[in-house]
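See structure below.
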Amino acid sequence: MQLLRLGPMPASRRLEAWLQRCTGPHLLITEGEERSLDPLQCACQWSGGLARWPQIQLQANEACLPLPPVEPQPEADNAWSALWQQRDRRIAAWLEQRLPVRGGISEPALMFALSRLLPPGLPLMLAASSPVRDWQAFAVADRGLRPCFSFRGASGIDGTLSLGLGLAAVLGRSLLITGDLALLHDSNGWLQAGHASGSGPLLILLIDNAGGGIFQQLPVPAAPAEAFEQLFAMPQKTDPLALAAAHGIATRQIACLDDLASALEWGLSQSGPALLRVCTDRQGDAALRTELRREVLEITMAPALESS
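If you're matching positions, the sequence shown starts at 3 in the numbering used here and goes up one per residue.
Structural data, given as structure tokens:
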């Protein structure tokens, strides 16, 4: 098997393990980046860019065999694209039936509801860890309707609020979706938010699941519940509404999806930053995501099973 990589390595232990198991020719193409982007040291890196690669004769070396120029195959490409689009539509229709739009708030259902309620074109920033993953997975009604921003800081979640405020100052009215630890990690950002002259109209949608919910979705070694909560989930006792209010920020909290539309209207009508808090069940949502992934796998595999 020949392997082609484009750009830097994502943060994924499973992907790293899979790449290390691949034994065939492995080519990494970058767009002018001369630094090594291969921490695994298993690829031949070429920095001339993807557009030039088919026209350049690669030099043979021990790490990478010469690869022939790639000839476009529009029919095959179209068939592959059509298959993905078909499965995407099938999953979207299934999520329409599977996720509730009323009642209690789960994180997957919240993202699905937001994708239907947010005004087109509203800039969106997604904090690292669960928000960006859940938006990509469950915001099926929002394909290409808005500019989306995300980033990964040195600690993953650092600078979340400050970056959101900066985007709002440049882009105008915007929405930041963040978890409780990411927001608390950059609590000094409230100092800037509290100054009317230096803050834009940013609605911060806080998903408060009492800790770091991402760790219950990752292959973290099993540990006693108390140790897991202390070392990974790390629930905090800080009241985020009180902390924001101390800086003069308007705050509101909702308890069900039925109130989401009016709460968004309230938050997006504020002249400056505002905080909207929703509380979710970290353990329950982790189990729900696992169940949804299993069901999606069954849906996407259905054609192959029927044709076999």
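Don't be surprised by glycine CBs; every beta carbon is placed ideally from N, CA and C. All values reported here derive from a predicted model rather than from experimental measurement.
Where A141 is concerned, there is no enclosing beta strand (DSSP E), because DSSP gives it neither an H nor an E. Scanning its chain for C-beta atoms nearer than 7 Å, with the 5 sequence neighbours on each side dropped, one finds around I159 the residues A129, A130, S131, L183, A184, H187, in chain order.
One alpha carbon belongs to A265, the other to E35, and they sit about 45 Å apart. For the pair A263 and G51, the Cα-to-Cα distance works out to about 45 Å.
In the DSSP assignment, G181 falls within the beta strand (DSSP E) that extends over 176-181. C44 and R7 have their C-alpha atoms roughly 11 Å apart.
No Cβ-Cβ contact shorter than 8 Å links G213 with R279.
For V103, there is no enclosing beta strand (DSSP E), as DSSP marks it with neither H nor E.
Shortest Cα-Cα distance from V142 to any of S49, I93, G161 involves I93. Under the DSSP assignment, Q22 falls in the alpha helix (DSSP H) whose first and last residues are 15-23. Per the Cβ contact rule, the segment 90-107 is in contact with the segment 286-301 (3 or more Cβ pairs under 8 Å). When secondary structure is reduced to three states using DSSP, A130 falls in the coil class, being assigned neither helix nor strand. When beta bridges are read from the DSSP output, S152 appears opposite L128. The closest CA to that of M11, considering only P41, W55, L29, is found on P41.
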